């Protein structure tokens, strides 16, 4: 194992490094999100069929991508916590859940707002929409389980197992539009093919996706630092930190 | 890795594999019920049940849309480029409804094999483009056409 992997296990080292990275990602997120929004809303061309209502993808797609990435990070961190009994991994997993839940909610809400004018319906029980709703409920379940168990170690273990069980939902969300007949359209972006969208439309989308990831990093680090201080409040270095203030 | 950690790693992997197999089998067993709609081929082959509420999905055949002059009734044909099914609907169609557009209709099959729809939803495809590009592609006849497999899985 490389040295940084062991360093990651130290709450104190993590607190220090996130303190240094936080402003960098905050500036990146602000610039990318602001620039991306202006580009997407003012300069990207309208769609030939949907007109301006298609612009909701600049929020919908990044939030849906992030809801799934965040779940994967949560499950991986949970597994590391289970196997190596690494406290920081447990804290990362716990910090992920509320962020992922809000992203899933945002994706579902923007999808419904777009669905009404485009499809003619707010909600359809097709495989993509339903599996995304299950993802939201998984996040809620994990947050509830964390709140229900008082002992931090037991709570982390139980939620990690739940997160791992729910991980099976991620490929189902991804491939639902390919495996079954759905109302939701198939992916516009595929690794092996050219995107079914011109560059002047997908470039701002790429900026927004990167911006969302930076925003995710910022909120995750803020939550993680809070979690580290709360869990390590009896440790010497935290007391020193508080007394210095 | 210590034996203890190795054991826990095996347990985690076992959970992942076990859940994947269980869910995979469940989805395989349910695969027909998860489809949102039947394709015209499935309806023509008698796979879709009669006298019960189902959904049918396909492309609206070019030149097949007939509107009644005195009511909101509309009649059109639905195709997946293999079979076609006639559809009747009375009501307001979504903005995206047009010939050559993918739609999903909810309703039931009557005895004449006509699909009596009570709701029509537009299915958007994965292609996005500015209006000028669409016009240019239309003029040169290179407009991307949705593939049959979109409606027939």
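Residue numbers (the working numbering), protein chains in the order written: chain Z, 147 to 391; chain W, -6 to 146.
Backbone N, C-alpha and C define an ideal beta-carbon position, used for all residues, glycine too.
Keep in mind it's a predicted model, so treat the numbers as computed, not measured.
Run of the beta strand (DSSP E) containing residue 115/W, from where it starts to where it stops: Looking up residue 115/W in the second chain gives position 122. Its beta strand (DSSP E) spans residues 108 to 116.
Identity of the residue in 128/W, 19/W and 98/W nearest residue 114/W by Cα: For this step, residue 114/W is matched to residue 121 along the second chain. For the residues 128/W, 19/W and 98/W, the minimum Cα distance to residue 114/W belongs to 98/W.
Among 380/Z, 377/Z, 301/Z and 352/Z, nearest to residue 181/Z - alpha-carbon criterion: Indexing the first chain from 1 puts residue 181/Z at position 35. It is 352/Z whose Cα lies nearest to the Cα of residue 181/Z.
Test item: CB-CB of residue 250/Z and residue 220/Z under 8 angstroms: Residue 250/Z sits at position 104 when you count from the first residue of the first chain. Residue 220/Z sits at position 74 when you count from the first residue of the first chain. Annotated as distal: residue 250/Z and residue 220/Z, with beta-carbon spacing of 8 angstroms or more.
Under 8 angstroms (Cβ pairs) to chain Z, residues found in the segment 43 to 68 of chain W: Cβ contacts with chain Z come from 50.
Host alpha helix (DSSP H) of residue 303/Z (start-end): Position 157 of the first chain, counted from the first residue, corresponds to residue 303/Z. Start and end: 298 to 312.
Residue 359/Z vs residue 212/Z beta-carbon contact at 8 angstroms: Taking the first residue of the first chain as 1, we reach residue 359/Z at position 213. Taking the first residue of the first chain as 1, we reach residue 212/Z at position 66. A contact, by the Cβ cut-off of 8 angstroms.
Chain Z within 8 angstroms of residue 119/W, Cβ atoms only: Residue numbering aside, residue 119/W sits at position 126 when the second chain is read from its first letter. Yes, contact with chain Z.
Pick from 264/Z, 155/Z, 204/Z and 383/Z that is closest to residue 348/Z, judged by C-alpha positions: Here residue 348/Z is taken as the residue at index 202 of the first chain, counted from 1. Of 264/Z, 155/Z, 204/Z and 383/Z, the residue nearest in Cα terms is 204/Z.
Proximal chain Z residues relative to residue 13/W, where beta-carbon distance stays under 7 angstroms: Reading the second chain from its first residue, position 20 is the one you call residue 13/W. Near residue 13/W (Cβ distances below 7 angstroms), the residues of chain Z are 314.
Neighbour-count burial assignment, residue 5/W, 16 or more Cβ in a 10 Å radius: As a position in the second chain, residue 5/W is number 12, starting the count at 1. By the 10 Å Cβ count, residue 5/W comes out buried.
Closer than 8 angstroms to chain W by CB, residue 328/Z: Taking the first chain and counting its residues from 1, the one referred to as residue 328/Z is at position 182. Judged by the 8 angstroms Cβ criterion, residue 328/Z is in contact with chain W.
Residues near residue 136/W by beta carbon distance below 8 angstroms, same chain, minus five either side: Along the second chain, one-based indexing puts residue 136/W at 143. Hits under 8 angstroms: 127 and 130.
Closer than 7 angstroms at the beta carbon, the chain Z residues around residue 33/W: In the second chain, residue 33/W corresponds to position 40, counting from 1. By Cβ distance, chain Z contributes nothing, its closest Cβ being about 12 angstroms from residue 33/W, past 7 angstroms.
Touch test, the segment 360 to 380 of chain Z against the segment 242 to 256 of chain Z, Cβ-Cβ under 8 angstroms, three pairs minimum: With a cut-off of 8 angstroms, the segment 242 to 256 of chain Z and the segment 360 to 380 of chain Z count as touching, because enough Cβ pairs lie within range.
First and last residue of the uninterrupted alpha helix (DSSP H) at residue 40/W: By one-based count along the second chain, residue 40/W stands at place 47. Element bounds for residue 40/W: n/a, residue is neither H nor E.
Burial state of residue 30/W, where buried means 16 or more other Cβ atoms lie within 10 Å: As a position in the second chain, residue 30/W is number 37, starting the count at 1. With a threshold of 16 other beta carbon atoms within 10 Å, residue 30/W meets it and is buried.
Proximal residues of chain Z, C-beta to C-beta of residue 113/W below 9 angstroms: Taking the second chain and counting its residues from 1, the one referred to as residue 113/W is at position 120. 266, listed in chain order.
Residue 290/Z Cβ short of 7 angstroms to the ligand MN heavy atom set: This structure lacks the ligand MN; in fact it carries no ligand of any kind.
Range covered by the alpha helix (DSSP H) that runs through residue 168/Z: To locate residue 168/Z, count along the first chain from 1; it is residue 22. It spans 157 to 184 - the alpha helix (DSSP H) in which residue 168/Z sits, taken as one unbroken run.
Residues within the segment 225 to 257 of chain Z neighbouring chain W, beta-carbon criterion of under 8 angstroms: With the criterion set as a beta carbon lying under 8 angstroms from some beta carbon of chain W, the members of the segment 225 to 257 of chain Z are 225, 228, 229 and 230, in sequence order.
Residues within the segment 80 to 100 of chain W neighbouring chain Z, beta-carbon criterion of under 7 angstroms: Result list: 87, 88, 89 and 97.
CB contact flag (residue 58/W, residue 71/W, <8 angstroms): Locating residue 58/W in the second chain gives position 65, where the first residue counts as 1. Locating residue 71/W in the second chain gives position 78, where the first residue counts as 1. Against a cut-off of 8 angstroms, the Cβ pair of residue 71/W and residue 58/W comes out as no contact.
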